[in-house]
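Those sequence lines, one after another, are chains A and B.
What the first sequence shows, in the working numbering, is residues 80 to 505, in sequence order.
What the second sequence shows, in the working numbering, is residues 262 to 524, in sequence order.
Just so it is clear, CB atoms sit at the ideal spot from N, CA and C, and this is done for glycine as well.
Heads up: the structure comes next, in C-alpha cells.
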Amino acid sequence: MHARFATILVALGVFLAMPALAQKVMLNPSNQTGNAVSGGGNEAQYALINANNTKAILDGAGLNTKVDQDFYNAPLNANSWGADIYLSIHSNAGGGHGTETLYKTDGGKNLSTHVQNGLVGKLPYGDRGLKYRNDLYVLNQTNMYACLPEVVFHDCSTKSGVKGHPPAESDFLKSADGQGKIAAGLAAGVCTYYGKNCEGGEPPPAKGWLKGVVYEDPDLEARIPGATVTLDTGESAVSNAQGAWEFYLAPGTYTATAIKAGYDANSSTRDVVAGEEVWGSIGLTKLTQPVDSDGDGVSDDQDNCPEVANPTQLDSDADGSGNACDLTPYPPEIITWEDVHDETVDGDVGDPADVGAEGSEVTLLECPQGVATKCPGCDCECSGSDGCSGSPLAAGGGVALLLLLLALASLWGGYRGYQRFRGAAG
Amino acid sequence: MRTAVLVTLLMMVAGPLAAQSLAAGSALADPVYVGTEVRLQRAFVHPALEGVERAGRAIWDPSSSHWYAAANGTLVQVSAAGRLLVVADGVQGHDIDVRLAAGVAVSREPNDRIVLHGVGPERGADVVLLEGPNYFHPRLSPAGTAVLVHESRAAGSRIWLAEPDTVEVRVLCAGVGAAWHPDGRRVVFARITHDSRRVLGGGLFEVDVATGLERSLPTPTAVAAVEPAVSPDGAQLTFVDALTGLLMTIPYPETGKEVGHAR
Numbered sequence: 080m081h082a083r084f085a086t087i088l089v090a091l092g093v094f095l096a097m098p099a100l101a102q103k104v105m106l107n108p109s110n111q112t113g114n115a116v117s118g119g120g121n122e123a124q125y126a127l128i129n130a131n132n133t134k135a136i137l138d139g140a141g142l143n144t145k146v147d148q149d150f151y152n153a154p155l156n157a158n159s160w161g162a163d164i165y166l167s168i169h170s171n172a173g174g175g176h177g178t179e180t181l182y183k184t185d186g187g188k189n190l191s192t193h194v195q196n197g198l199v200g201k202l203p204y205g206d207r208g209l210k211y212r213n214d215l216y217v218l219n220q221t222n223m224y225a226c227l228p229e230v231v232f233h234d235c236s237t238k239s240g241v242k243g244h245p246p247a248e249s250d251f252l253k254s255a256d257g258q259g260k261i262a263a264g265l266a267a268g269v270c271t272y273y274g275k276n277c278e279g280g281e282p283p284p285a286k287g288w289l290k291g292v293v294y295e296d297p298d299l300e301a302r303i304p305g306a307t308v309t310l311d312t313g314e315s316a317v318s319n320a321q322g323a324w325e326f327y328l329a330p331g332t333y334t335a336t337a338i339k340a341g342y343d344a345n346s347s348t349r350d351v352v353a354g355e356e357v358w359g360s361i362g363l364t365k366l367t368q369p370v371d372s373d374g375d376g377v378s379d380d381q382d383n384c385p386e387v388a389n390p391t392q393l394d395s396d397a398d399g400s401g402n403a404c405d406l407t408p409y410p411p412e413i414i415t416w417e418d419v420h421d422e423t424v425d426g427d428v429g430d431p432a433d434v435g436a437e438g439s440e441v442t443l444l445e446c447p448q449g450v451a452t453k454c455p456g457c458d459c460e461c462s463g464s465d466g467c468s469g470s471p472l473a474a475g476g477g478v479a480l481l482l483l484l485l486a487l488a489s490l491w492g493g494y495r496g497y498q499r500f501r502g503a504a505g
Numbered sequence: 262m263r264t265a266v267l268v269t270l271l272m273m274v275a276g277p278l279a280a281q282s283l284a285a286g287s288a289l290a291d292p293v294y295v296g297t298e299v300r301l302q303r304a305f306v307h308p309a310l311e312g313v314e315r316a317g318r319a320i321w322d323p324s325s326s327h328w329y330a331a332a333n334g335t336l337v338q339v340s341a342a343g344r345l346l347v348v349a350d351g352v353q354g355h356d357i358d359v360r361l362a363a364g365v366a367v368s369r370e371p372n373d374r375i376v377l378h379g380v381g382p383e384r385g386a387d388v389v390l391l392e393g394p395n396y397f398h399p400r401l402s403p404a405g406t407a408v409l410v411h412e413s414r415a416a417g418s419r420i421w422l423a424e425p426d427t428v429e430v431r432v433l434c435a436g437v438g439a440a441w442h443p444d445g446r447r448v449v450f451a452r453i454t455h456d457s458r459r460v461l462g463g464g465l466f467e468v469d470v471a472t473g474l475e476r477s478l479p480t481p482t483a484v485a486a487v488e489p490a491v492s493p494d495g496a497q498l499t500f501v502d503a504l505t506g507l508l509m510t511i512p513y514p515e516t517g518k519e520v521g522h523a524r
C-alpha cells in the first residue's frame, strides 16, 4: 500500500514537473455588423477589438491564440486546427444590463464559469450569470469546450452600473478603458481556467516537444521498444515499452535517427516550436543486408547451420541441417530383400556380422509380409508387415514344411520310377 | 425550366427521399457516402483509433475503400483487420483527405499550411498549396488531381481550388461546405444567411470547375440546406437542414437555375 502511494506520488511529481504545452484558444468575435451600438459603430466592430486585445494578453502569457470572425467557418476552422477552447465574443441587446455567458455542454459550463467570473471581476456591471443554450450554431459545431460571453449590452445608453458610477455600457464598449477591461476580464477567465496567472508575467514556454514512436514499417501498432533514437545534436533516448520517445528542445530543426539491431536505420526531420509538440514517428524496416551470425561466409537465411561455422555446408543426410549442427548427420541405411540374404561378411548390411554395425543406422524398409529378416535390436528372425513382428518358430516351421514337401515329392518320384522299372522287367 | 419547377414542386409535395435526425441539438455532420450509406464523418471516431496518441477523426477514401486518419504524426490506413498501416509520415494535422489510388493525401498542418503529401510506397515530396491561419478542410477531387480548400473570412467565406499539376491556386467561388461531385467536374456548396448566432437560411449550388458557371440546386422549401454530399453514382444529394438538424436526401437536381459565373 505504501509502495503504491509512493508510486502515485512519484508519478504526480513527474507530471507536475513536465512543461505544459501551449493551449490553443480560438477567439471568435461576433460577425454581426447589422447590430448597431448606441452612439455609433456595430457589434462586430467592437467584438473584433476585444478579441484582438484578448489575444495579445493570452499570447503574452504563452497561449496559442487565433482570432476568426467568420460566423459559419470559425467553428470548423477551430475543429480543423485542434483548438482546446473556443470563445465566441459578443455583446448583448434587447434592453437589459450586465454580463452573461452562454454554454451548452458541461465542459462548456466550466469554461463559462471562469470566463464569467473573469469578466464580472473586471467590469463595473451586473452579473447575469450563466445560461444554457442549445440553439446556437457555434456551441453546436465546435468539437472543443466552448462558450459565448455577452460582455455588455451594446444598446444600453444609460448609466446602469452597479459598482460606482460607470458610464453607460455602450460608451464603455466604445472606450479604450472599457475595451482594456473587457479584454483583461476575458483573458483572466481563460487563464484561471488553465490555472495560469496571466497578470503575474508568467513567462511563455521557451521550448517545445519532439515526440514519436518507433514502429515496424508500415504497421504503426507493431512498436519497437529498445530502439536508440539520436538527435543530430547528439542527444539520445531509448524507446520505451510502447516504442515511444520524446525530447524537450529549444525551437529549431532537428533530425532524429532510430537504430535497432536487425532493422535498417531511419530518420525523421521536424521543426520544433516553443510551447508545442511535433511528432516525428519513425518506421523501421527489417534489415535488407544479409546477416551472417557465425561468420562462415554464408548468410543466415542460406546457412544450414546459422550458429555454427561450417563453410563447406556439408549435409550428409540432405535433411537441410548441416553435419556441423545435425545430431544425426548421416543418412539412414536401407535393408532390402537382397541384403537379408547376403551371406558375405563384406562390410555392407545384410549378413549377421554386418547388420547393426557400429556407427550405422538400420531402418527396415519394404520388408515383405511374411518374409523373415534380421531386425535391429533383436536377435531373432521375424516376419510381419513391420518386419519385426511374428514368431521365429512360425517362420522356421514354414521352411521345415517346405523341405518336408520337397522330400516327399522326391520319394514319390523315386517310387514311380521303381514301379516303371518292375513293369519293364516283368 | 418547366422541369426544374416540376422537380421543386414534387419535392415540396413529397418531401425528401429520406430524412434522418442527427444527434439532438447538434449539427456536427460533414456527411459522406461510404458506398451507398451516408456516414457523418466529422463525428466519427474509428474504433481502431481508440487509445492511439494524437489520433484524428477518420475520413473515407472512395478510391481505396478504406478509412484513414492522422496518428502519431503519421497518416494511417485502417486495414480490414483493424490494423493501422502507415501510408505517409510527417502528417501532423488532423484535418486530412486521401486518394490512395492517385498516391496523394492532403492535410491542414499546425503551422497553418495546406500540404499535399505523396502516399504509398513512393511517398513523394510534400507540396505546400496554401498558407495562412484561415485555410482549412482541404478536399481532394475524386481523381486526386485537384484540391478544394475552405477559407474562413469575416468578409465572406470562400472556396479555393488548387491544381498541383498546373501549380494553379485560385478562388473557385464564394460559399461554405464544399464537396466534389463524383464526376470531378463540378463542386457543390452552400450559401447561408445568419444573425451571428444561428443559421437562418441556406441554399445549395454547384459550380463548373472549368467554366465557373454556377447553378442553384433546388431543395425543399423551409429548409436551410448546408453541408452537401453527392452519392457515388451522382444520383442523390444529401445535406443537413441547419434549422432542424435533419439529414436529408433528395434526387440530385440535374436542372437548376443558372445564377452566374464565379469568375
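Exercise. So what does W441/B bridge to, in DSSP terms?
Worked result: Stepping through the second sequence from its first residue, residue 441/B is reached at position 180. Answer by DSSP bridge pairing, in chain order: V448/B.
Problem set entry | Proximal residues to D469/B (C-beta, below 7 Å), its chain only, five neighbours per side dropped | Taking the second sequence and counting its residues from 1, one reaches residue 469/B at position 208. Here the set comprises R446 and R447.
Exercise. To which residues does DSSP link H233/A through a beta bridge?
Worked result: Here residue 233/A is taken as the residue at index 154 of the first sequence, counted from 1. The partner list for H233/A (beta bridge, DSSP) is empty, contrary to what the question assumes.
For this session: On a CA-only basis, which of I511/B, L310/B, P479/B and A490/B is nearest K518/B? Give me that one, please.
Result: Taking the second sequence and counting its residues from 1, one reaches residue 518/B at position 257. Measuring from the Cα of K518/B, the nearest candidate turns out to be P479/B.
For this session: Measure how close the beta-carbons of G317/B and I357/B come, nearest whole angstrom, since I'm counting them as under 8 Å.
Result: Position 56 of the second sequence, counted from the start, is the residue given in the question as residue 317/B. Position 96 of the second sequence, counted from the start, is the residue given in the question as residue 357/B. So it is a contact: roughly 7 Å between Cβ atoms.
For this session: Reducing DSSP to helix, strand and coil, say where S326/B ends up.
Result: Start at 1 with the first residue of the second sequence, and residue 326/B comes out as number 65. Residue state, collapsed to three classes: coil.
Problem set entry | Closest Cα partner of A496/B within the set L391/B, V295/B, T505/B and H442/B | To locate residue 496/B, count along the second sequence from 1; it is residue 235. It is H442/B.
For this session: Could you work out which residues of chain A lie near V460/B, taking near to mean beta carbons separated by less than 8 Å?
Result: Within the second sequence, numbered from 1, the residue matching residue 460/B stands at position 199. Near V460/B (Cβ distances below 8 Å), the residues of chain A are Y151 and Y216.
For this session: Just the C-alpha distance for I453/B and N152/A, rounded to the nearest angstrom, thanks.
Result: For the purposes of this step, residue 453/B is taken as residue 192 along the second sequence, with counting starting at 1. For the purposes of this step, residue 152/A is taken as residue 73 along the first sequence, with counting starting at 1. Between I453/B and N152/A, the C-alpha separation is close to 11 Å.
Exercise. Can you tell me the Cα-Cα spacing of L401/B and T391/A, whole angstroms?
Worked result: Counted from its first residue, the second sequence places residue 401/B at position 140. Counted from its first residue, the first sequence places residue 391/A at position 312. Roughly 59 Å between the two C-alpha positions.
Exercise. What residues from chain B crowd round V292/A, counting only those whose CB sits closer than 7 Å?
Worked result: What you label residue 292/A is simply residue 213 of the first sequence in a count that begins at 1. Neighbours of V292/A in chain B, taken as residues at a C-beta separation under 7 Å, are given in chain order as N333.
Problem set entry | Counted within 10 angstroms of its Cβ, other Cβ atoms place W421/B as buried (16 or more) or exposed | Here residue 421/B is taken as the residue at index 160 of the second sequence, counted from 1. Its Cβ being crowded by 16 or more others within 10 Å, W421/B is buried.
Exercise. So, is the C-beta of H327/B closer than 7 Å to a C-beta in chain A?
Worked result: Locating residue 327/B in the second sequence gives position 66, where the first residue counts as 1. Answer no: the Cβ-Cβ gap between H327/B and chain A never drops below 7 Å.
For this session: Indicate the three-state DSSP secondary structure (helix, strand or coil) for I303/A in the structure shown.
Result: Counted from its first residue, the first sequence places residue 303/A at position 224. I303/A: coil per DSSP, three-state reduction.
Exercise. Buried or exposed: which applies to D163/A, given that a residue is buried once 16 or more other Cβ atoms fall within 10 Å of its Cβ?
Worked result: Against the first sequence, residue 163/A aligns to sequence position 84. D163/A comes out buried.
For this session: Taking C-beta pairs closer than 7 Å, name the residues in chain B that N110/A reaches, listed in chain order.
Result: Taking the first residue of the first sequence as 1, we reach residue 110/A at position 31. Within chain B, the C-beta atoms nearer than 7 Å to that of N110/A come from A415 and S457, in chain order.
For this session: Ignore the nearest five residues each way along the sequence and tell me which others in S236/A's own chain have a CB closer than 6 Å to its CB.
Result: Here residue 236/A refers to the residue found at position 157 when the first sequence is read from its first residue. Answer for S236/A: S117, A247 and S249, listed in chain order.
Exercise. So, are the CB atoms of F232/A and G268/A less than 7 Å apart?
Worked result: As a position in the first sequence, residue 232/A is number 153, starting the count at 1. As a position in the first sequence, residue 268/A is number 189, starting the count at 1. It is not a contact, given that the beta carbons lie outside the stated cut-off.
Problem set entry | Under 9 Å by beta carbon: chain B residues contacting G161/A | Position 82 of the first sequence, counted from the start, is the residue given in the question as residue 161/A. Within 9 Å Cβ-Cβ: G317, G354, H355, D356 and P371.
Exercise. Which residues in chain A sit within 8 Å of L345/B, going by Cβ to Cβ distance?
Worked result: Taking the second sequence and counting its residues from 1, the one referred to as residue 345/B is at position 84. Under the 8 Å cutoff, chain A gives D298, L299 and E300.
Exercise. Three or more C-beta pairs closer than 8 Å, one from the stretch 384 to 401 of chain B and one from the stretch 420 to 437 of chain B: is that the case here?
Worked result: Output reads yes: the stretch 420 to 437 of chain B touches the stretch 384 to 401 of chain B.
For this session: Could you tell me the boundaries of the alpha helix (DSSP H) in which S249/A lies?
Result: To locate residue 249/A, count along the first sequence from 1; it is residue 170. Run containing S249/A: E248 to K253, per the alpha helix (DSSP H) assignment.
For this session: Could you list the residues in the stretch 340 to 364 of chain A with a C-beta less than 9 Å from some C-beta on chain B, going in chain order?
Result: S347, T348, R349, D350, V352, E355, E356, V357, W358, G359, S360, I361 and G362
Problem set entry | L155/A vs Q102/A beta-carbon contact at 7 Å | Position 76 of the first sequence, counted from the start, is the residue given in the question as residue 155/A. Position 23 of the first sequence, counted from the start, is the residue given in the question as residue 102/A. No; because the gap between Cβ atoms is not below 7 Å, this pair is not in contact.
Exercise. Start and end of the beta strand (DSSP E) containing D185/A?
Worked result: Here the question's residue 185/A lines up with position 106 in the first sequence. Per DSSP, D185/A belongs to no beta strand (DSSP E); it is in the alpha helix (DSSP H), D185 to K201.
For this session: Give the interface partners of Q148/A over in chain B, defined as CB-CB distance under 8 Å, in chain order.
Result: For this step, residue 148/A is matched to residue 69 along the first sequence. Neighbours of Q148/A on chain B, chain order: A415.
For this session: Please confirm if P394/B has its CB atom under 7 Å from at least one CB of chain A.
Result: Counting from 1 along the second sequence, the entry for residue 394/B is found at position 133. P394/B counts as touching chain A.
For this session: Could you tell me which chain A residues have their CB closer than 9 Å to the CB of H398/B, listed as they occur along the chain?
Result: If you number the second sequence from 1, residue 398/B lands on position 137. Simply N152, L155, N156, N158 and S159.
Problem set entry | Host beta strand (DSSP E) of A423/B (start-end) | Against the second sequence, residue 423/B aligns to sequence position 162. It spans R419 to E424 - the beta strand (DSSP E) in which A423/B sits, taken as one unbroken run.
For this session: Verify whether the separation of the beta carbon atoms of V449/B and E467/B is less than 7 Å.
Result: Locating residue 449/B in the second sequence gives position 188, where the first residue counts as 1. Locating residue 467/B in the second sequence gives position 206, where the first residue counts as 1. Yes, they are a contact pair.
For this session: Answer with yes or no whether the minimum CB distance from S368/B to chain A is below 7 Å.
Result: The sequence position of residue 368/B within the second sequence is 107, counting from 1. No, no contact with chain A.
For this session: May I have the straight-line CA-CA distance separating N402/A from V370/A, to the nearest angstrom?
Result: In the first sequence, the residue the question calls residue 402/A occupies position 323. In the first sequence, the residue the question calls residue 370/A occupies position 291. Whole-angstrom Cα-Cα distance: 21 Å.
Exercise. How many Å lie between L181/A and G264/A at the Cα?
Worked result: As a working mapping, residue 181/A is identified with position 102 in the first sequence. As a working mapping, residue 264/A is identified with position 185 in the first sequence. Going by the C-alpha atoms only, they are around 16 Å apart.
Exercise. In chain B, which residues lie less than 8 Å from K145/A when you measure between Cβ atoms?
Worked result: Against the first sequence, residue 145/A aligns to sequence position 66. Going along chain B in sequence order, the residues near K145/A (Cβ under 8 Å) are P394.
Problem set entry | Segment contact, 8 Å Cβ cut-off, at least three pairs: the stretch 204 to 219 of chain A with the stretch 455 to 462 of chain B | yes
Problem set entry | Beta-carbon neighbours of V437/B, restricted to chain A and to distances below 7 Å | Translated into the one-based positions of the second sequence, residue 437/B becomes position 176. Going along chain A in sequence order, the residues near V437/B (Cβ under 7 Å) are Y151 and N152.
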